[in-house]
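What follows is a short report on a single structure.
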């Protein structure tokens, strides 16, 4: 189950504020019984693959779209291909992908 793992914070402060999502639960004695949140990470995984550069994932060094490079490049066809390639490496099957100038990036993908 690649879509269930430790969740990261919502990242409202941007990519620099991403950290483990922790919700501390204490028992009647005040001892911590839970902390790290585990749940569905499908969208989180897709976002991380998009923003990562190749080499940033220790155990999968070839994965990383580096979508920030699109700012300096307007080859949307190449980036659509790159997104498909790197999502496939992680086991994601893209049902639809929309990336074009002046429109939001829309991706519908699921794990095989």
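Numbering (full-length UniProt numbering), first residue to last: 1 to 112.
Even for Gly, the Cβ is constructed at its ideal location relative to N, Cα and C.
Per DSSP, reduced to three states, the secondary structure at residue 89 is helical.
In this structure, residue 106 places its C-beta atom within 8 Å of the C-beta atom of residue 98. Of the other Cβ atoms in all chains shown, 16 or more fall within 10 Å of the Cβ of residue 86; this residue is therefore buried. In the structure shown, the three-state DSSP call for residue 7 is coil. When C-alpha distances from residue 6 are compared across 24, 33, 39 and 19, the shortest belongs to 39. Taking residue 9 as reference, the option from 33, 32, 43 and 30 with the minimal CA-CA separation is 43.
In this structure, the beta-carbon distance from residue 89 to residue 109 does not fall below 8 Å. If you compare the alpha carbons of 34, 79 and 23 with that of residue 101, the shortest gap goes to 79. For the 8 Å CB-CB criterion, residue 63 and residue 47 do not form a contact.
Annotation: residue 82 to residue 72 spans about 16 Å, alpha carbon to alpha carbon. Note: residue 24 is not bridge-paired with any residue in the DSSP secondary-structure output.
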